[in-house]
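Here the sequence shown stands for residues 299 to 486, where the numbers follow the working numbering. Heads up, the beta-carbon is just placed ideally off N, CA and C, and yes, glycines get one too.
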Amino acid sequence: MSPYKYSAKVNEHRVKAVGLLMPISTKQSIEICNLIRGKNLQKAKKILSEAKDMKRPIPFRRFTEGAGHKHGIGPGKYPVKACSEILRLVSLVEANAQHKGLDTSSLEIIHICANKGPKSWHYGRQSRIKMKRSHIEIVVEEKEAKKKGVKKEMKKVETKKPIKKEKHKKIEAKVGEIREKLQQEGKS
């Protein structure tokens, strides 16, 4: 079997996890993945646990058939089973990050993708039932804490001082020229 390929390269600041043959709906998985992609890992876990407890709906943008309108988001559902399985996978990738020595509070989901799994049938006496299968891959990256406020303040302080000095020099030069002209006119 060939090695598994990711669209995001995994290096020392990134961690991956894969869930194969997960018994959840692919359409619901795609909507959940679209919601938590690009978010902080802790925030994603909170969103999934709230959706699992039916406190927060997941917005459905692509597969909207049968999804009722929810206040503030439009069509949405509470995919409890899919949220619990993806939450388990998110916890797994967090454990992988801890094992690798990364700071779990600054992890961000940079790649999460749901793919359709094989079509398997559950055989029974009366008739057979089609099973739902999905593959989900997730890659997280450690992001450094950005100190935006401190950098802006430092830039403002540095830029204001030279500008004031330059303005004062220009003003003093103009005042000096005007004084010289007045003195020359007064003498002549």
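Query - Span of the alpha helix (DSSP H) around K344 - result: L339 to K350
Query raised in the report: Can you list, in chain order, the stretches of the beta strand (DSSP E) that have 3 or more residues and sit fully within the segment 367–447?
Result: 372–375, 405–414 and 432–440
Query raised in the report: Does the distance from the CB of A395 to the CB of L405 come in under 8 Å?
Result: yes
Requested in this report: Give the straight-line distance between the Cα atoms of K341 and Q424, rounded to the nearest whole angstrom.
Outcome: 45 Å
Query raised in the report: When the Cβ atoms of the segment 345–356 are set against those of the segment 367–378, are three or more pairs found closer than 8 Å?
Result: yes
Report task. Could you tell me whether the Cβ atoms of I436 and L387 are closer together than 8 Å? Result -> yes
Query raised in the report: Bridge partners of I356, per DSSP?
Result: K375
Requested in this report: Would you tell me roughly how many angstroms separate the C-alpha atoms of V336 and C411, rounded to the nearest one?
Outcome: Correcting the residue identity first, residue 336 is Gly in this sequence and not Val. Their backbone Cα atoms lie some 12 Å apart in a straight line.
Query raised in the report: Buried or exposed: which applies to A471, given that a residue is buried once 16 or more other Cβ atoms fall within 10 Å of its Cβ?
Result: exposed
Query raised in the report: So, V438 versus V313, is the Cβ gap smaller than 8 Å?
Result: yes
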